[in-house]
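Note that the protein sequences, when read in sequence, are chains A and B. Heads up: take any position in the first sequence, counting from 1, add 983, and you land on this note's numbering. Heads up: take any position in the second sequence, counting from 1, add 7, and you land on this note's numbering. We put the CB at the ideal spot given by N, CA and C, even for glycine. This report refers to the structure that appears directly beneath it.
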Amino acid sequence: MNPAILAILTIIIGVGGCVGYFYFSNQLLDKVIFPARGPNIGRNINRANMVRPWLFLFPAIFALGLYLAYPVFATLWLSLTDRDQGGAFVGLANYSQMSSEPKFWEAIGNNMLWLIVVPAMSTAFGLLAAQLTDRISWGNIAKSMIFMPMAISFVGASVIWKLIYDTRPENQDQIGVLNAVWVWFGGDPQTWLTIEPWNNFLLMVVLIWIQTGFAMVILSAALRGVPEDTIEAAIIDGAGPFQIFFKIKIPQIMSTIVVVWTTITIVVLKVFDIVLAMTNGQWGTQVLANYMYDKLFRSFDWGVGSASAMIIMLLVSPILVWNVYNANKEMR
Amino acid sequence: MAGLALKQIRKSYGPVDVIHGVDLDIDEGEFIVFVGPSGCGKSTLLRMIAGLETISGGELHIDGQLVNDIPPSMRGIAMVFQSYALYPHMTVFDNMAFGMRIAKADAAEIKRRVGEAAEILQLEPYLDRLPKALSGGQRQRVAIGRAIVRNPKVFLFDEPLSNLDAALRVATRIEIAKLHESMPSSTMIYVTHDQVEAMTLADRIVVLSAGNIEQVGSPLGLYDNPRNLFVAQFIGSPAMNIVPAKIVKTGTKTTIELPDGGKVVAPIKSGSALEGSNASFGIRPEDLSIVDGDKKPVLQGQVSLVESLGEVTMIYVDIEGRDEPLVAKLAGTHMFERGSTIKLTAEPEKMHVFDSEGISLQHL
């Protein structure tokens, strides 16, 4: 069968199935289980309304359980077993093996570096872009340009930046923008992605470039939500533009800044594609997610691979909780 | 002399003029209220005095100094906003201290001034709270406190009571009146659309309409002697009744003829040129009374609605020459059948006559 027809069929079955599920399950609830008639009509309506949210939530909870909760426990179990011994339980042996590998500690160290630099720079640049683009006539065009990288996949962005950092032998023209500029200023061509530890920062630039647009859009909306009156009151109190920005605007959007910061932090902890596509963890640029991929799909060592996955989850979880807490607080 | 002088102040947004050359002198210590319907430019005028809007034309002097291009914080003004405009992330103390901290004032001096303002406004128990932990009335007091701490020559109030409920509005209004009494040298300019606030607070009221001053005067001056139809109908509630009329005799007293043929003699001087011209006859609802006995009525018509409010009775009367019923506000309780004929009269000195341009004959 033609793939297009297959796709359409899938859409029809999927969407129709969803609509059908909600319609018929509600019919069943309202007409058969708790019918809105008879002597207990009031009680039935109340009960039906208590059950209904769960009816609506069930598909999502089921899918999340199957594709998220179950894999977490399966991974936890895998991290405590050894493939070579036919999946026998080995306790924390995988974790101790992992902790003896310098590559793992390199990944942890690099992840920490990413964690500090990328969210800070993305949020700072996003805030700057949000404030400045709100004040100029072509701000919306500038905003679209800054937001554009969000639409590019991490791998696509990595390819673009790999070209920027590209190096050619000395007797050829340098096609990489960075080398071109470097040579123009009188330097010798460099193989940028091999220079430790700066190559780590060159990789981070890619993610900052992508995430700045996200930070800008959210923070721009938040800045517009700052009541104009408070700014005018500050003007009358004698505050200058910088004081208004740092003492009036920033404190009022602090909870949004925290949400943006933590959201980017979570993205950073999972960073994988950029490192895989640009250096594959060589020259001291390894990160946890790429380490996990190496172990799981190149060495086929599910034990250590799963153990590193658990480490990533342990690191992400508290930040995620804080992020959700702040997002909820902001909505109130 | 911390007075203000507005000379031909204009404001335009592109080709659209919103303030058309306002001239006004305000003395030191005066309480001036700008009133007018929505969109009349009263807030814009206030914001130009504050420096939050640029002045498109004319000159603004505060305390004898031309301040057109002086930034708001250097003009010696403080402003209280309708929405309070408190800084939500700062405590009450920090809100009031912000201006002085920006000015790098001495910490002990800040403490003293904020303490004084807090004492005047009874805010001492709340100094450590955030604005969100305060009630609307308390928030507005903090906003007023922030203004006091600035120790300004001129206080600007932009509809400060509009966000409060009715009871709190009265209480805060009285507080503002007391505040003005306690600081006799501070000039206050207050914008409102509420006439009760205007009548009770003002030394002088400035009535604005469509970017022009209609009249400036004391509250009772405007009530007793409005310059034109707009002021006559804007000041007073319910609004003055206006009946179309014709001037039939001029002189030291003016005789007018109403649409139903009745003639009224008002003790108002008029020039002979007006004889035979169209005019408007104005009488306030509270100045009307029921004719006792067989005296000749000024106005008569059919009762269309009676509202008994206890202390007063509002009677809506259909009369000739007006589509809308005329309103009479009578003290006490009165019973009338709907559709019955009612005869009304008024003291001659309470009558108003406006010429065909809408200007009161007393102001010609």
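Throw me the rounded Cβ distance for the serine 287 of chain B and leucine 236 of chain B pair, which I believe falls under 8 Å.
The Cβ separation is near 6 Å, so the contact holds.
Under 9 Å Cβ-Cβ, which residues of chain B neighbour glutamate 1089 of chain A?
Within 9 Å Cβ-Cβ: nothing; glutamate 1089 of chain A doesn't reach chain B, min ~41 Å.
Spatial neighbours of leucine 1075 of chain A within its chain, please: CB distance less than 8 Å, with the 5 preceding and 5 following residues excluded, ordered by chain position.
The residues are Leu1063.
Along the chain, which unbroken stretches of the alpha helix (DSSP H) at least 4 residues long are found entirely within the segment 333-365 of chain B?
Correct list: empty.
Report yes or no: is there a C-beta of chain B within less than 8 Å of the C-beta of threonine 1239 of chain A?
By this cut-off, threonine 1239 of chain A is not an interface position.
Does the CB of isoleucine 109 of chain B have a neighbour CB from chain A at under 8 Å?
Yes - at least one Cβ of chain A is within 8 Å of the one on isoleucine 109 of chain B.
Tell me whether tryptophan 1235 of chain A is buried or exposed, calling it buried when 16 or more other Cβ atoms sit within 10 Å of its Cβ.
Checking the sequence shown, residue 1235 of chain A turns out to be glutamine, not tryptophan. The residue is buried, with at least 16 neighbouring Cβ atoms inside 10 Å.
Name, please, each residue of chain B whose Cβ falls closer than 8 Å to the Cβ of isoleucine 1231 of chain A.
Tyr94, listed in chain order.
Mind checking methionine 1095 of chain A: buried by the 16 CB within 10 Å criterion, or exposed?
So methionine 1095 of chain A counts as exposed.
Does any residue of chain B have a CB that is nearer than 8 Å to the CB of proline 1224 of chain A?
Judged by the 8 Å Cβ criterion, proline 1224 of chain A is not in contact with chain B.
Taking isoleucine 1294 of chain A as the reference, give the member of A:Lys1253, A:Met1261 and A:Glu1313 with the closest Cα.
The shortest C-alpha separation from isoleucine 1294 of chain A is found at A:Lys1253.
Using the Cβ count rule (16 or more neighbours within 10 Å means buried), how would you classify tryptophan 1088 of chain A?
Classification for tryptophan 1088 of chain A: exposed.
Alpha carbon to alpha carbon, how far is methionine 8 of chain B from glycine 71 of chain B?
Because the pLDDT at methionine 8 of chain B is just 45, under 50, the model does not fix this residue reliably, and the value given afterwards should be weighed accordingly. If you take the alpha carbons of methionine 8 of chain B and glycine 71 of chain B, they lie about 8 Å apart.
What in chain A is Cβ-close to alanine 57 of chain B, meaning under 7 Å?
Under the 7 Å cutoff, chain A gives Ile1219.
Let's see if you can read the secondary structure: which residues bound the beta strand (DSSP E) around leucine 264 of chain B?
Correcting the residue type first, residue 264 of chain B is glutamate in the shown sequence and not leucine. First-last of the beta strand (DSSP E) with glutamate 264 of chain B: 261-264.
List the residues of chain B whose Cβ lies closer than 7 Å to the Cβ of glutamine 1235 of chain A, in chain order.
The answer, in chain order, is Pro95 and His96.
Is there at least one Cβ from chain B nearer than 8 Å to alanine 1216 of chain A's Cβ?
Alanine 1216 of chain A counts as touching chain B.
Does any heavy atom of the ligand FAD sit closer than 7 Å to the C-beta of leucine 1111 of chain A?
As far as ligands go, the structure on display features none, and thus does not contain the ligand FAD.
Where does methionine 8 of chain B fall in DSSP's three states?
With a pLDDT of 45 at methionine 8 of chain B, under the threshold of 50, the modelled position of this residue cannot be trusted, and the question is left open.
State buried or exposed for glycine 278 of chain B, treating a residue as buried only when at least 16 other CB atoms are found within 10 Å of its CB.
The residue in question, glycine 278 of chain B, is exposed, as its Cβ has fewer than 16 Cβ neighbours within 10 Å.
What are the uninterrupted segments assigned as alpha helix (DSSP H) that are 4 or more residues long and contained completely in the segment 14-68 of chain B, given in chain order?
DSSP runs (the alpha helix (DSSP H)) wholly in the segment 14-68 of chain B: 49-57.
Report the three-state DSSP secondary structure of glutamate 1179 of chain A (helix, strand or coil).
The answer is coil: DSSP assigns glutamate 1179 of chain A none of H, G, I, E or B.
I think cysteine 1166 of chain A touches proline 1172 of chain A, with their Cβ atoms under 8 Å apart; what is that distance to the nearest whole Å?
Per the sequence shown, the amino acid found at residue 1166 of chain A is valine instead of cysteine. About 6 Å; that satisfies the 8 Å criterion.
Closer than 8 Å between beta carbons: that is the criterion. Which residues of the segment 175-207 of chain B meet it against chain A?
Answer set for the segment 175-207 of chain B: empty.
State the CB to CB distance for the pair glycine 28 of chain B and glycine 58 of chain B, rounded to an integer number of angstroms; the pair is presumed to be in contact (CB under 8 Å).
Rounded, the Cβ-Cβ distance is 19 Å, inconsistent with contact.
Taking CB distances under 8 Å as the criterion, tell me whether glutamine 1114 of chain A reaches chain B.
Not closer than 8 Å to any Cβ of chain B, the Cβ of glutamine 1114 of chain A fails to qualify, so no.
Of all the CB atoms in chain A, is at least one closer than 8 Å to the CB of glycine 106 of chain B?
Yes, glycine 106 of chain B lies at the interface with chain A (some Cβ there is under 8 Å from its Cβ).
Closest to alanine 217 of chain B by CA distance: which of B:Asn232, B:Gly43, B:His370 and B:Asn102 is it?
Comparing Cα positions, the closest option is B:Gly43.
Identify, in the order they occur along the chain, each residue of the same chain with its Cβ nearer than 7 Å to the Cβ of methionine 1187 of chain A, setting aside the five sequence neighbours on each side.
Taken in chain order, the residues that qualify are Trp1097, Val1100 and Val1101.
Could you tell me whether any Cβ in chain A is nearer than 8 Å to the Cβ of serine 50 of chain B?
With 8 Å as the cut-off, serine 50 of chain B does not count as an interface residue toward chain A.
For threonine 1239 of chain A and isoleucine 1201 of chain A, which I take to be in contact (beta-carbon distance under 8 Å), what is that distance rounded to the nearest angstrom?
Indeed they touch by this definition, with Cβ atoms about 6 Å apart.
In chain A, which residues lie with their C-beta within 8 Å of the C-beta of serine 90 of chain B?
Within 8 Å Cβ-Cβ: Pro1210 and Asp1212.
Between which two residues does the alpha helix (DSSP H) carrying tyrosine 1053 of chain A extend?
Here the alpha helix (DSSP H) through tyrosine 1053 of chain A covers 1053-1061.
For aspartate 210 of chain B versus leucine 53 of chain B, is the C-beta spacing smaller than 8 Å?
Contact flag unset, no.
Any beta carbon of chain A sitting closer than 8 Å to that of alanine 286 of chain B?
By this cut-off, alanine 286 of chain B is not an interface position.
Step through the CB atoms of chain A and report whether any lies within less than 8 Å of the CB of serine 19 of chain B.
No, serine 19 of chain B lies away from the interface with chain A (no Cβ there is under 8 Å from its Cβ).
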